[in-house]
Amino acid sequence: MSLADFWDRMDTVLGPVYARSWANDFVLAGIGLTVVQAIAAGVETREIWRAVCAAT
36 MSLADFWDRM DTVLGPVYAR SWANDFVLAG IGLTVVQAIA AGVETREIWR AVCAAT
C-alpha cells in the first residue's frame, strides 16, 4: 500500500484532523510505535494499517 493510500484510509476512518493527531500520539500495541514513528522506522504501511484497524 502506498503512503498516500494509507493516509487516505486514515482520513476516511478517523477524519483528516483527528487522524494526524492520533498518528502522532497513539502507540500501536502490535508495533510499539506511533504511526508516525513506524513510518519513519520503515515499517510497511500494510502492517501499520493492520495495527490501526486492530486499535480502532
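Position 56, counted from 1, in the sequence shown is what this note's numbering calls 91; the numbers after and before it change by one each time, with no gaps. Here a beta-carbon is modelled for each residue, glycine too, at the ideal position from N, C-alpha and C.
Chain-order list of residues whose beta-carbon lies under 8 Å from that of residue i (same chain, five-residue window excluded)
i	result
V62	L68 and T69
W84	M36, F41 and R44
D60	T69
Residue i, DSSP secondary structure in three states
i	result
V70	helix
S56	helix
V78	coil
Residues that DSSP places opposite residue i in a beta bridge
i	result
V62	T69
Segment limits, alpha helix (DSSP H) that includes residue i
i	result
T91	Counting along the chain, T91 falls outside any alpha helix (DSSP H), and DSSP gives it neither H nor E.
M45	L38 to L49
Close Cβ partners of residue i (< 7 Å) along its chain, the five nearest in sequence each way excluded
i	result
G65	A86 and A89
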